[in-house]
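Residue numbers (this note's numbering): 13 to 580.
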């Protein structure tokens, strides 16, 4: 479906639906009003006919021997001129029923005969005569045509005896409604046609501008960036104008981009040619540098090896001197430590002699305490034997309680559990008491042994005290000899320290020289490797430069697809 059809269909369908709804609603309202007015008129006519009957005389209604309806002596059936005059003036048909049978009517059949002595429907008779109500119908079929009808009852002495029918053909009653409905439909159709024409021309104008924008975009897609747009479309204030202005902006932007790309592609080609030439020259220079760096690296490696051998020899000599210095320092430290130790030993021996005296007194006190401990252990042994006896009795009691609980059955289960726990505790107490008893036995044995040992220690301490006194005299003599040795060792230490300082200077110088030689060799090798990488990268750049030249050529050919504005 084309856009024009969609626009017309979308705009016109709601209008058509609204027109149909409006006409239908207007027809319904006018028909309702017309029927209401017609019913009012029919009701007025029916009242007039009933009043005519009431005004004839005051006699009752009845059927005569000729089967005609009379009121007193007046023959109602023959009063046709009255109902015909009303029909001729207003097209209103009238019938007078007695009970439910027609005795006076202006209705005629196809032969012109009046429709007399026919009965009404039971529904009408029930509503009007039986229930004394007014009956209306807007769709009653009489003689093959639809009628608007009204039935009202008439009475004698307040008793309903018949009914008056008044009716008019629906086409006659609704003639004005149908006429105005046709006029309304015609006006609505004219409005819809005018709306269709307006929508058609407006949509055609919109589509024309859109088509112009589409054509412009198609021309742009073919590479022509010089396409022009009509000022009328460009100056439009609606959305089509926005589209046109957006297309023009796209054209100008593309023109700027393509122009820049073309200019840059030319510059790119020139730069790629220059880059390619520079890459060739660089490759030649790098080759020469690579040869020179190879010779430098070889010399640096030889120098590093020779320096390394010298460094190794100097380090070995330095290690020997360093070992001598360390040995001298160690000897000095040991001498000083021995001198300090001799002083400490002398002081210690003096303290030891005093401590021996204190130890002798302490041993005497320990001897007394050991005897006391032995007596306490005997008392604890007696207490543990008592605990063991109580635990045995508790075990017997818990066993008896378990037996009694078992006899009690379910009721003694809880008591059995408690008895079992008590038995376990008693057994544990018995085991603990046995362990304590064993420990006490060991303690008594150890205490007895300790008493004997204390007696031996007292004898030994006496001998030790004499030995300490003799040792103190010997250490005083050794202390004087050690002072002389320490003085000689200190002199040796001073001389070895001077040798070590000189060794440190030489080792540092040789190590620095070796490190420099190794760094030179490594730098030469690294530089040579870098030169190789530079050579490879330069060759790669040369290849990329050639490819860049090809790309710039392809880009220039691709940009030839576009037709751009020439700069003035």
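C-beta atoms are modelled at their ideal positions from N, C-alpha and C, and glycine is treated no differently. Computed from a predicted structure; not experimentally measured.
> Is residue 60 closer than 8 Å to residue 95 when the C-beta atoms are compared?
Replying inline: Here residue 95 refers to the residue found at position 83 when the chain shown is read from its first residue. Here residue 60 refers to the residue found at position 48 when the chain shown is read from its first residue. Between residue 95 and residue 60, the C-beta gap is not smaller than 8 Å, which leaves the two residues out of contact.
> On the premise that residue 178 lies in contact with residue 110, defined as a C-beta separation below 8 Å, what is that separation, rounded to the nearest angstrom?
Replying inline: For the purposes of this step, residue 110 is identified with residue 98 of the chain shown, where counting begins at 1. For the purposes of this step, residue 178 is identified with residue 166 of the chain shown, where counting begins at 1. That belief does not hold up - the Cβ atoms of residue 110 and residue 178 are roughly 16 Å apart, past 8 Å.
> With distances taken from CA atoms, which of 81, 224 and 107 is nearest residue 253?
Replying inline: Stepping through the chain shown from its first residue, residue 253 is reached at position 241. The shortest C-alpha to C-alpha distance from residue 253 to any of 81, 224 and 107 is the one to 224.
> Alpha carbon to alpha carbon, what distance is there between residue 100 and residue 131?
Replying inline: Within the chain shown, numbered from 1, the residue matching residue 131 stands at position 119. Within the chain shown, numbered from 1, the residue matching residue 100 stands at position 88. So the alpha carbons of these two residues sit roughly 25 Å apart.
>> Extract the residue ranges of the alpha helix (DSSP H) inside the segment 49 to 98, only unbroken runs of 4 or more that lie entirely within it.
In response: The segment 49 to 98 contains no whole alpha helix (DSSP H) run of 4 or more residues.
> Could you give the residue range of the alpha helix (DSSP H) that holds residue 229?
Replying inline: In the chain shown, residue 229 corresponds to position 217, counting from 1. Secondary structure note for residue 229: its alpha helix (DSSP H) is the uninterrupted segment 187 to 233.
> Buried or exposed: residue 468, going by 16 or more other Cβ atoms within 10 Å of its Cβ?
Replying inline: What you label residue 468 is simply residue 456 of the chain shown in a count that begins at 1. In summary, residue 468 is exposed, with fewer than 16 beta-carbon neighbours lying within 10 Å of its beta-carbon over all protein chains present.
> When the Cα of residue 568 is compared with those of 324, 279 and 35, which residue comes out closest?
Replying inline: Stepping through the chain shown from its first residue, residue 568 is reached at position 556. With respect to the C-alpha of residue 568, the residue from 324, 279 and 35 having the closest C-alpha is 279.
>> Using the three-state DSSP reduction, which class does residue 132 fall into: helix, strand or coil?
In response: Numbered from 1 along the chain shown, position 120 holds the residue referred to as residue 132. Residue state, collapsed to three classes: coil.
> Taking just the CA atoms, how far does residue 461 sit from residue 488?
Replying inline: The sequence position of residue 488 within the chain shown is 476, counting from 1. The sequence position of residue 461 within the chain shown is 449, counting from 1. Straight-line Cα distance between these residues: approximately 40 Å.
>> From the DSSP secondary-structure annotation, give me the bridge partner or partners of residue 116.
In response: By one-based count along the chain shown, residue 116 stands at place 104. The beta-bridge partner set that DSSP reports for residue 116 consists of 108.
> Looking at the unbroken beta strand (DSSP E) that takes in residue 154, where does it start and where does it end?
Replying inline: The sequence position of residue 154 within the chain shown is 142, counting from 1. Its beta strand (DSSP E) spans residues 147 to 154.
>> Quick check on DSSP: helix, strand or coil for residue 122?
In response: Counted from its first residue, the chain shown places residue 122 at position 110. Of the three classes helix, strand and coil, the one that applies to residue 122 here is coil, per DSSP.
> How is the alpha helix (DSSP H) around residue 245 delimited, first residue to last?
Replying inline: Position 233 of the chain shown, counting from 1, holds the residue named residue 245. Note, residue 245: alpha helix (DSSP H), 243 to 246.
> By Cβ distance below 8 Å, which residues in the same chain neighbour residue 211 in space, the five residues on each side in sequence not counted?
Replying inline: The residue given as residue 211 occupies position 199 in the chain shown. Within the same chain, residue 211 has close Cβ partners 19, 20, 23 and 24.
>> Just to confirm the assignment, what range does the beta strand (DSSP E) spanning residue 171 have?
In response: The sequence position of residue 171 within the chain shown is 159, counting from 1. Where residue 171 is concerned, the enclosing beta strand (DSSP E) stretches over 171 to 181.
> Does the beta-carbon of residue 540 have 16 or more other beta-carbons within 10 angstroms, so that it is buried, or is it exposed?
Replying inline: As a working note, residue 540 is residue 528 in the chain shown. With 16 or more other Cβ atoms from the protein chains shown falling within 10 Å of its own Cβ, residue 540 counts as buried.
>> Going by C-alpha to C-alpha distance, which of 324, 538, 232 and 478 sits closest to residue 369?
In response: Position 357 of the chain shown, counting from 1, holds the residue named residue 369. For residue 369, the closest alpha carbon among the candidates 324, 538, 232 and 478 is that of 478.
> Would residue 471 pass as a contact of residue 382 if the rule is Cβ separation under 8 Å?
Replying inline: Translated into the one-based positions of the chain shown, residue 471 becomes position 459. Translated into the one-based positions of the chain shown, residue 382 becomes position 370. For residue 471 and residue 382, no; Cβs fall outside 8 Å.
>> Please classify residue 66 as buried or exposed, where buried requires at least 16 other C-beta atoms within 10 Å of its C-beta.
In response: As a first step, residue 66 is located in the chain shown; it is residue number 54 there, counting from the start. Under this definition residue 66 is an exposed residue.
>> Could you give the first and the last residue of the continuous beta strand (DSSP E) run that contains residue 653?
In response: For residue 653 there is no data in the structure shown, the boundaries of the chain being 13 and 580.
>> With three or more beta-carbon pairs closer than 8 Å as the criterion, would you say the segment 403 to 414 touches the segment 441 to 457?
In response: Cβ pair count under 8 Å is three or more, so yes.
> How about the segment 25 to 44 and the segment 142 to 149: do they share at least three Cβ pairs that are nearer than 8 Å?
Replying inline: They do not touch, by the three-pair rule.
>> On the CB-based measure, 16 or more other CB atoms within 10 Å of its CB, does residue 176 come out buried or exposed?
In response: By 1-based counting over the chain shown, the position of residue 176 is 164. Flag for residue 176 reads buried.
> Nearest-angstrom Cα distance between residue 203 and residue 135?
Replying inline: As a working note, residue 203 is residue 191 in the chain shown. As a working note, residue 135 is residue 123 in the chain shown. Here the C-alpha atom of residue 203 lies approximately 47 Å from the C-alpha atom of residue 135.
> DSSP three-state call for residue 236: helix, strand or coil?
Replying inline: Residue numbering aside, residue 236 sits at position 224 when the chain shown is read from its first letter. Strand, per DSSP.
> In whole angstroms, what is the alpha-carbon distance linking residue 8 and residue 213?
Replying inline: The displayed coordinates of the chain run from 13 to 580. Any statement about residue 8 would go beyond what the structure contains.
>> By DSSP's criteria, residue 575 is part of a beta bridge. Which residues make up the other side?
In response: Locating residue 575 in the chain shown gives position 563, counting from the first residue. Beta-bridge pairing links residue 575 to 236.
>> Within a Cβ cutoff of 6 Å, which residues of the same chain sit near residue 78, ignoring the five residues on either side of it in sequence?
In response: In the chain shown, residue 78 corresponds to position 66, counting from 1. Excluding positions up to five away in sequence, the list is empty.
> Taking all protein chains shown into account, do 16 or more other C-beta atoms lie within 10 angstroms of the C-beta of residue 289, making it buried, or fewer, making it exposed?
Replying inline: By one-based count along the chain shown, residue 289 stands at place 277. Around the Cβ of residue 289, a 10 Å sphere holds fewer than 16 other Cβ atoms; the residue is exposed.
> In whole angstroms, what is the alpha-carbon distance linking residue 138 and residue 30?
Replying inline: For this step, residue 138 is matched to residue 126 along the chain shown. For this step, residue 30 is matched to residue 18 along the chain shown. Near 45 Å, if we compare the C-alpha coordinates of residue 30 and residue 138.
> DSSP state of residue 470, grouped into three classes?
Replying inline: Position 458 of the chain shown, counting from 1, holds the residue named residue 470. Annotated three-state conformation of residue 470 is helix, per DSSP.
> Helix or strand or just coil, what does DSSP make of residue 103?
Replying inline: Along the chain shown, read from residue 1 onward, the residue named residue 103 stands at position 91. Coil, per DSSP.
> Three or more C-beta pairs closer than 8 Å, one from the segment 380 to 398 and one from the segment 447 to 459: is that the case here?
Replying inline: Cβ pair count under 8 Å is three or more, so yes.
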